[in-house]
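> Counting from 19, one number per residue, gives the positions in the sequence shown under full-length UniProt numbering.
By construction, the Cβ of each residue, glycine as well, lies at the ideal position given by its N, Cα and C atoms.
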Amino acid sequence: GSEAQAALHRVFGYETFRGDQEVIIEHVVAGGDAVVLMPTGGGKSLCYQIPALVRPGTGVVVSPLIALMQDQVDALRALGVRAGFVNSTQDFDERRVVEAEFLAGELDLLYLAPERLRLESTLDLLSRGKISVFAIDEAHCVSQWGHDFRPDYLALSVLGERWPDVPRIALTATATHSTHQEITQRLNMPAARHFVASFDRPNIQYRIVPKADPRKQLLAFLREEHQGDAGIVYCLSRNSVEKTAEFLTRNGVEAVPYHAGLDAGTRAAHQARFLREDGLVVVATIAFGMGIDKPDVRFVAHLDLPKSIEGYYQETGRAGRDGLPSTAWMAYGLNDVVQQRKLIQSGDGDEAFRRRAQAHLDAMLALCETARCRRGGLLSYFGQDPEPGGCGNCDTCLVPPETWDGTVAAQKVLSTVWRLDRERRQKFGALQIVDILLGRRTAKVIQFDHDQLSVFGIGEELTEGEWRGVIRQLLAQSLLAVEGEYGTLVLTEESGAVLGREREVPLRKEPPKPTVARSAASK
Ligand code: ADP
Ligand code: ZN
19 GSEAQAALHR VFGYETFRGD QEVIIEHVVA GGDAVVLMPT GGGKSLCYQI PALVRPGTGV
79 VVSPLIALMQ DQVDALRALG VRAGFVNSTQ DFDERRVVEA EFLAGELDLL YLAPERLRLE
139 STLDLLSRGK ISVFAIDEAH CVSQWGHDFR PDYLALSVLG ERWPDVPRIA LTATATHSTH
199 QEITQRLNMP AARHFVASFD RPNIQYRIVP KADPRKQLLA FLREEHQGDA GIVYCLSRNS
259 VEKTAEFLTR NGVEAVPYHA GLDAGTRAAH QARFLREDGL VVVATIAFGM GIDKPDVRFV
319 AHLDLPKSIE GYYQETGRAG RDGLPSTAWM AYGLNDVVQQ RKLIQSGDGD EAFRRRAQAH
379 LDAMLALCET ARCRRGGLLS YFGQDPEPGG CGNCDTCLVP PETWDGTVAA QKVLSTVWRL
439 DRERRQKFGA LQIVDILLGR RTAKVIQFDH DQLSVFGIGE ELTEGEWRGV IRQLLAQSLL
499 AVEGEYGTLV LTEESGAVLG REREVPLRKE PPKPTVARSA ASK
């Protein structure tokens, strides 16, 4: 209604509501429960902040992101909203002040960590004040099958029992059908109205290219399609962030680095320039972008593989908020797969954690290797039905990739891996496999007598790049695995079926080597 509109203008300074915001807010203001699925950046916060301002009492926000609470509260206070938080980072006195403000009815919003609500003392505190709305942020944390499961979220069903008259709104950016059902069930919100925003970003063109010389490929992409445009380039390491920013600057593209190793002042300055200037490129680790609202980001480029589709979607989603054509461009290669698999294997975390990380990576790899519509892959991952005929605005729709019968090539790779594995003296990675297949007498091949193997030189029909593509796809299909800190290739349970000719291996044809204008991208 008009009160919500007024708060939107007066407090937040926005002209109009976005997407479903207005209906959601009206529904909650009127006292209804809501389950809201909206992609990151879609504007979930206003859906509970405005009801909290409009309804009498304090809006209680349950959020697992303790590290962000201070920032969120500071930002709200800067807008004149009376906000506070209670979490484990506070000492006793700080907490007492916030609790007193709540009891005196002096807070519009109170942020709480979920574990607080397991304490009878917290529930008791809440029942002594007046609550306008409960917002359960990151509601997918209630899902036991999800990667963010938090047992504390299960206890949140108590809210509906103790405060049956206070509306509840559960929000998440994770939209698989099963998660959606679990939220409704476990938070005990059978009467809630459901609002499911589309995850489709039709103005973003998704493209994933084979990685050869990533910086030069990036430069060519920028020169051909995004001259003078603002954009974000994501790299995995600080070192590669620095090098890429330098490389772009040297080649006439204004670029600044952004990563956690830079001091806070430099980071703030670079972020401010990005928001203020037209056409600046920020080269960043994933630390950059959270809460950044720049509508005219024309491209997001990945020089390294994201760990999950969630991450990829979130990062690419920073492009084209203004609805104008934008590009999500990624260069992806064999080393990415080996490196990510290695990280998971050698990282800490228990077996269950590793398995989840592995599953996330597998989904990401499937998206990279698909011969079908990329947007379709993304949407079905988030539980949404894609266009049957493809989107017409991704690389695989625009130039459908060819596939070929890679069974024999796969057998050659797998039997080479098997022979090396049998030696057990030394572990070998992809480089050695390719050298053996191509019959190259490198120092390392001679040192280990690998030129004496029966597989030596049996792969001269493909180029080095093509073999790397085959190995990458075998890794992506889990027909090969990576072991240990050196990225040793080993067989999997499924390799046997290929070696035993019981299984065919269709592979995606590698597009011709990207032509990179070398003279243009000098040094
Ligand atoms: P989410 O929580 O869904 O990721 P946020 O609530 O953080 O998204 O909103 C993303 C950005 O969009 C924020 O910068 C927010 O201020 C902005 N925003 C939200 N709603 C509107 C609106 N109606 N008009 C303009 N900007 C909005
Ligand atoms: Zn498509």
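#1: Determine contact between the region 164-183 and the region 136-145, defined as no fewer than three beta-carbon pairs at a distance below 8 Å.
#2: If you follow the alpha helix (DSSP H) that GLU478 is in, where does it begin and where does it stop?
#3: Starting from MET348, follow the beta strand (DSSP E) in both directions and report where the run begins and ends.
#4: SER81: which of SER106, ALA22, HIS277 sits nearest, CA to CA?
#5: Helix, strand or coil: how does DSSP classify GLU335 here?
#6: Determine whether the beta carbon atoms of GLN223 and THR345 lie at a separation below 7 Å.
#7: On the three-pair Cβ rule with 8 Å, is the region 146-165 touching the region 98-115?
#8: Grouping DSSP H, G and I as helix and E and B as strand, with all else coil, what is GLN90?
#9: If distances are taken between C-alpha atoms only, which option among ARG28, ALA461, ALA248, GLU295 comes closest to VAL301?
#10: What do you reckon, is the C-beta of THR197 under 6 Å from a heavy atom of the ligand ADP?
#11: Tell me the rounded alpha-carbon separation between residue 544 and ASP354.
#12: How far does the alpha helix (DSSP H) with ASP423 in it reach, from first residue to last?
#13: Report, in whole angstroms, the separation of the C-beta atoms of TYR129 and VAL79, which I expect to be a contact under 8 Å.
#14: Between the beta-carbon of ALA428 and the beta-carbon of LEU352, is there less than 7 Å?
#15: When you compare only the Cα positions, how much space is there between HIS320 and GLU272?
#16: Please work out which residues of its chain come closer than 7 Å, Cβ to Cβ, to LYS527, disregarding the five sequence neighbours upstream and downstream, and give them in chain order.
#17: In whole angstroms, what separates the C-alpha of PHE474 from that of ASP314?
#18: Cβ of GLY60 within 6 Å of any heavy atom in the ligand ADP?
#19: For the beta strand (DSSP E) holding VAL271, just list the boundary residues, first then last.
#20: What did DSSP end up calling LEU55 once you bin it into helix, strand or coil?
#21: Is it the case that the region 498-513 contacts the region 374-387, given that we only count it when at least three CB pairs across the two stretches are under 8 Å?
#22: ALA131: which of GLU200, GLU484, LEU86 sits nearest, CA to CA?
#23: In this structure, does DSSP put GLU456 in helix, strand or coil?
#24: Quick one: give me the first and last residue of the alpha helix (DSSP H) that SER150 is part of.
#25: Taking the C-alpha atoms as reference points, what is the distance between ASP109 and LEU361?
#26: When you compare only the Cα positions, how much space is there between SER63 and ALA52?
#27: Is it buried or exposed, GLU295, if we count other Cβ atoms within 10 angstroms and call 16 or more buried?
#28: Where does ARG186 fall in DSSP's three states?
#29: Looking at C-alpha atoms only, which residue of GLU21, GLN203, ALA215 is the closest neighbour of GLY60?
#30: Apart from the five residues just before and just after ARG73, which ones in its own chain have a Cβ nearer than 7 Å to its Cβ?
#31: Reducing DSSP to helix, strand and coil, say where residue 8 ends up.
#32: Quick one: what's got a C-beta closer than 7 Å to ARG521's C-beta in the same chain, skipping five residues either side?
#33: Return the first residue and the last residue of the beta strand (DSSP E) that VAL318 is part of.
#34: Could you give the residue range of the alpha helix (DSSP H) that holds GLY50?
#35: Could you pull the DSSP bridge partners for PRO524 from this structure?
#36: Could you pull out every residue in the same chain whose Cβ sits closer than 6 Å to the Cβ of ARG339, ignoring the five residues on either side in sequence?
Reading from the atomic positions:
#1: yes
#2: Here GLU478 belongs to no alpha helix (DSSP H), and DSSP marks it neither H nor E.
#3: 344-350
#4: SER106
#5: Here residue 335 turns out to be Gly, not Glu, going by the sequence shown. GLY335 falls in the coil class under three-state DSSP.
#6: yes
#7: no
#8: helix
#9: ALA248
#10: no
#11: Since the first and last residues shown for the chain are 19 and 541, residue 544 lies out of range.
#12: Note, ASP423: premise wrong, no alpha helix (DSSP H); beta strand (DSSP E) at 421-423.
#13: 5 Å
#14: no
#15: 17 Å
#16: PRO419, GLU420, THR421, TRP422
#17: 53 Å
#18: yes
#19: Per DSSP, VAL271 belongs to no beta strand (DSSP E) and is neither H nor E.
#20: strand
#21: no
#22: LEU86
#23: Going by the sequence as given, residue 456 is Leu instead of Glu. It is coil, neither helix nor strand.
#24: From DSSP, SER150 is part of no alpha helix (DSSP H) but of the beta strand (DSSP E) over 149-154.
#25: 37 Å
#26: 13 Å
#27: exposed
#28: strand
#29: ALA215
#30: VAL47, SER150, VAL151
#31: Lying outside 19 to 541, the shown extent of the chain, residue 8 is not represented and no answer is given.
#32: ALA515
#33: 317-320
#34: Element bounds for GLY50: n/a, residue is neither H nor E.
#35: ASP423
#36: PRO313
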